[in-house]
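Chains as they are written, first to last, in my numbering: chain A, 1 to 323; chain B, 1001 to 1323; chain C, 2001 to 2333; chain D, 3001 to 3333. By construction, the Cβ of each residue, glycine as well, lies at the ideal position given by its N, Cα and C atoms. On a predicted model such as this, the values are computed, not experimentally measured, just so you know. So the structure is just underneath, and the comments pick up after that.
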Ligand SMILES: Cc1ncc(C[n+]2csc(CCOP(=O)(O)OP(=O)(O)O)c2C)c(N)n1
Ligand SMILES: Cc1ncc(C[n+]2csc(CCOP(=O)(O)OP(=O)(O)O)c2C)c(N)n1
Ligand SMILES: [Mg+2]
Ligand SMILES: [Mg+2]
């Protein structure tokens, strides 16, 4: 699939936004000002962006506890996200959700999720709604390697085929569920191999390679839009930070992350390819980097200077209506 | 695998006991004296017996709502079972469990179960206990085709491989989950095909053929005992009665059951083979039929004449100890 | 004469009418149609006890069968609800909530709050509750206290065909997730049900019998047991005011307290197990808010602290009886 | 000076001692060891917040990691318990019960009853409860009222390191399934803990502060908030008797009622959401059994009827505070 210059710029910008956002949240967390459990997506950007570049606001995605990247890729506002992570009233979720629950239904983002494996059933529902509404929309559930074992995920694969839903299940295999290696917890060679057990195509793709992801994603999404049913896609990739902020990662090999960063960082691979092939110039990329850096800086300042919720907010939005 | 004459007689007796038990419960249910939901196993006997013939009391099985056959095959007392189904105090479960919960831990029978897919996790635990206790025992979970889709079942397949448990998962595919065809609800060709997704061997076997089941079961059980890990086995078979007593079965094809009974009834196939091969005589089989008929008749009389629980029983056995 | 329908048919009619009225209403559950992938009749079952029978002929593919994967399809219903549909998903027996509760209580129930208000999840979960069918420990529980405990959920428990229809219509139109509890022993109960469409608002308790001596709050099937007890007690000169809350979340405490202010005495009848039950909930709320009106202890009549037994003798003892209710009332007079 | 341990280390020590004492005790949970299938350290985590840290070195493979499949491994623990082991399975956060509740409440809890007495299921489910860590709606709930509701389960909620160790030892030795609730905000709390092994019997409430004016029953983390409130109130001349039930099932109602007979006033403090809560449960039981001792309404101080919010401001308002407890007490005097 060939991408226009503007699409390439967009892809790079999104990946850079995610990286810069996560790097910054990492630093900010260290200052002690960001509360709660925070899971960063740095290193996995090509997956979220490779899929979401194909989507519009009618298309739905469901994410995991590691949701920032999917949110940004799906078009959720960065200022709102940063405010949310800081627990401010002008956050995407009014400060009630925090990092693990950022959602923006208008953008088709059905939520990060604190429950491993909770997204796939919801995405079956989004796919079902699309089918009934005949709007040609698709729905994508992102799960981790750990989440790929959860019964809810496996059930959803079956249901998606039985109901022939326009759904795509993306297993982001970053090698670990917390400190547990996927080689140990996943009982077959590739997660994608499970597709056959549920009557759908399964594809393994290098999740560091935006172009590879973009292509595989495009095919699956096209088939789903055309009524061809679900696909299971496994992105093999790496996370750069700990499971959550505060994780010392002593379970990982020495230099494991360093080596990945040096050899197959998704931004690096992307830059190399687009500049070598003359699709974009280094100057264009540098300009984006600069803009994004300023944008993230501004979002942090915006968040820090924003007001927190007040007592009056505690009991609102529990129900649409309740006496 | 060749079976001694006494083993052959035992196999036939068990299958006949199950058939006679179920046929009789069917008739008795019609009189209105048996309460609750009753699911009969008639037609599927070769599966329960084919597996359980390899087991001893230390080996564990977990069953489903359709549990009578597994109970009898695993050695649960017929009088106790019949009393239980009638809700009598001398029933296997003192009248508190009924048809859907017959269990006898001393015989290694961990219970019929009212929850579809509840058995496989329990059987992982039985397998785990066997591993720790190093007693060479195996543990077998029976599930239906419907139950094979449940997340709990699928998770258990993964766990059994990850922990390398001496477990066998038997999917008894009788074509239906209630009124829903397995061709529709199971998203792949054979349930056994799912084994690959969980790193274990998968085998399809004709569940009407005792000898085929016995052989496949023996191999899997042997491997499990030797530390070789779990297996998923699919028995293709048929149920003769409705999903539960009272089901008019209008979803089934005309003569569907009749044809199966005429062409591949497990007792018929067994009798034919053993007599044709001169392993047993028809007289031997007839004698068993007669004995079993008397045994079942006696069990019904015994049940009907037995006392029901009393008020004093209501609050016993909720806990081992509770103030 | 006014038209009568069974409780079961009243629910069926509510579903049919709402599905005809609103294209976004869809229904799903195991064998809700029946016969998928089989050679015989389609719509062979219409639900395990026939509640959705015949709907497929009326609404076509908007009523769907599902594999036995409650997390997947109830989660799908929650997801579809968040995407503009109005799904009615059947959890065949409430006892099965243990395999899918997450999608109900952490997902559907919390979307609106977690997402800062920017979600509506008009999901209805229809489910069978209660004992009486000799269905034993895993098919006879009430469990609605668990759902009532969860902020974000609404819990509806009708006791008559009339209420069943009107409350189901309201449940479907409501914009929050609703757990609609159908007591299986009530399915055959007949009662007057208007043919037209009508919605019964939540949070409106029904005073089913007036009386000035003792207030008896009873839920679901227990309303009928309480009425039986009230009839017996009336002969002894004790007048019970029997109140059916109809929804436990929200709970119309005002109506209950108003009655207690008049009678000074309260008995709560709840088929649940006793601990952290609806009986306890109502007792505690009334005690906190209307203590000075109480002339004596609030009595709770519930199932005992044991699983529902199979044996008919034991199950009859397990279910609160008119006799036990009457006994509790008498201790207050 | 007596030895002090943190709450977390007290639990760790209880596990280590029981696993050393009894070979049939096994432990399992996600990352309970940590580092399976990874290149780095084994025992890298020892549980997500380090409660099981170091146990692997002591007990080897009797502490096991699991895939993220709570139904499978908690069910396996239940199954192993029914086969003679004494498993301690970790449900990392109690909020995750929605994906595995069936194995706990329909299986482990009901085996003994359904099977006519012929089963013992000595299972312990360790799980984190409570708010305070800004962990938002799906990682901050209490939910123990749900477990307390279920016949067949025992529910333990320690409030001090001393109790945590003694109650964990009892939980492991107990022959019924036990839900052991660890409030995550207590993990760092230090207190005196004897080095030797000791078991604290269930059903023995702890009178943590004596006082004659008002009885305050508080659970888990709330014990500390209640004590703070009591200290403040003492300065106003109001003497609170603070009672920690330690187990909610069984519940030592006798100790509570004895105190209420003396004070005539009761406040129940429960971090759960209010409906069908432990606060309601205790209030209702006391009202039923000791009505004549009550001089005023039983006050309940609970979290409000909303999910736990993320925002620090809101979460602080969500959790019952010493101020709110004191306020409730004052309304009674
Ligand atoms: C049902 C459930 N079980 C356990 C957890 C705790 N938990 C949160 S993230 C996580 C690991 C998830 O691993 P994976 O799916 O591979 O995603 P990753 O963190 O690698 O992105 C675990 C165990 C949870 N949130 N929900
Ligand atoms: C969790 C759960 N969901 C649904 C049911 C209701 N139910 C009982 S048996 C059954 C069908 C099971 O089909 P299958 O697994 O194929 O077993 P079979 O009845 O054919 O032996 C269903 C849906 C249940 N008991 N538990
Ligand atoms: Mg991972
Ligand atoms: Mg079947």
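Check the DSSP bridge columns for residue i and list the partner residues they point to.
| i | result |
| --- | --- |
| residue 206(A) | 236(A) |
| residue 2127(C) | 2091(C), 2181(C) |
| residue 3027(D) | 3063(D), 3088(D) |
| residue 2159(C) | Paired residues: none, contrary to the question. |
| residue 1176(B) | 1181(B) |
| residue 3005(D) | 3191(D) |
| residue 1109(B) | 1061(B), 1104(B) |
| residue 1167(B) | 1139(B) |
| residue 2206(C) | 2244(C) |
| residue 3154(D) | 3178(D) |
| residue 3249(D) | 3155(D) |
| residue 1144(B) | 1172(B) |
| residue 1231(B) | 1168(B) |
Taking only heavy atoms of ligand 1 into account, decide whether any of them is closer than 8 Å to the Cβ of residue i.
| i | result |
| --- | --- |
| residue 1278(B) | no |
| residue 2178(C) | no |
| residue 2075(C) | no |
| residue 169(A) | no |
| residue 39(A) | yes |
| residue 3099(D) | yes |
With a CB to CB cut of under 8 Å and the five nearest residues on each side skipped, what residues in its chain are close to residue i?
| i | result |
| --- | --- |
| residue 57(A) | 75, 106, 107, 108 |
| residue 2143(C) | 2094, 2095, 2097, 2129, 2272 |
Is the beta carbon of residue i within less than 8 Å of some heavy atom of ligand 3?
| i | result |
| --- | --- |
| residue 176(A) | yes |
| residue 1027(B) | no |
| residue 252(A) | no |
| residue 247(A) | no |
| residue 145(A) | yes |
Please confirm whether any heavy atom of ligand 4 lies closer than 8 Å to the CB of residue i.
| i | result |
| --- | --- |
| residue 1173(B) | yes |
| residue 1063(B) | no |
| residue 1239(B) | yes |
| residue 1305(B) | no |
| residue 1182(B) | yes |
Ligand 2 and residue i: does the residue's C-beta get closer than 8 Å to at least one heavy atom of that ligand?
| i | result |
| --- | --- |
| residue 2065(C) | no |
| residue 115(A) | no |
| residue 2030(C) | yes |
| residue 975(B) | Because chain B is modelled from 1001 through 1323, residue 975(B) falls outside the range shown and cannot be assessed. |
| residue 13(A) | no |
Which same chain residues, not among the five before or five after residue i, have their C-beta less than 7 Å away from its C-beta?
| i | result |
| --- | --- |
| residue 2158(C) | 2164, 2167, 2246 |
| residue 1327(B) | Look at the range of chain B in this structure, 1001 to 1323, and you will see that residue 1327(B) is not part of it. |
| residue 1271(B) | 1285 |
Within its chain, find whatever has a CB closer than 6 Å to the CB of residue i; leave out the 5 residues flanking it on each side and keep chain order.
| i | result |
| --- | --- |
| residue 3230(D) | 3209, 3240, 3242 |
Interfacial residues, the segment 157-171 of chain A to chain C, with Cβ spacing under 7 Å: 158, 159, 162
Residues in the segment 3306-3319 of chain D having any Cβ partner in chain A nearer than 8 Å: 3306, 3307, 3309, 3310, 3311, 3312, 3313, 3314, 3317, 3318
Runs of beta strand (DSSP E) wholly within the segment 2253-2306 of chain C (minimum 3 residues, chain order): 2266-2270, 2299-2302
Residues of the segment 2068-2097 of chain C with Cβ closer than 8 Å to any Cβ of chain A, in chain order: 2069, 2071, 2072, 2073, 2074, 2075, 2076, 2077, 2078, 2079, 2080, 2081, 2082, 2083, 2084, 2085, 2087
Interface positions of the segment 1096-1129 of chain B facing chain C (Cβ-Cβ less than 9 Å), listed along the chain: 1096, 1097, 1098, 1099, 1100, 1101, 1113, 1114, 1115, 1116, 1117, 1118
Interface residues of the segment 1179-1196 of chain B facing chain A [CB-CB below 7 Å]: 1184, 1185, 1187, 1188, 1193, 1194, 1196
Within 8 Å of chain C by C-beta, residues of the segment 1021-1035 of chain B in sequence order: 1035
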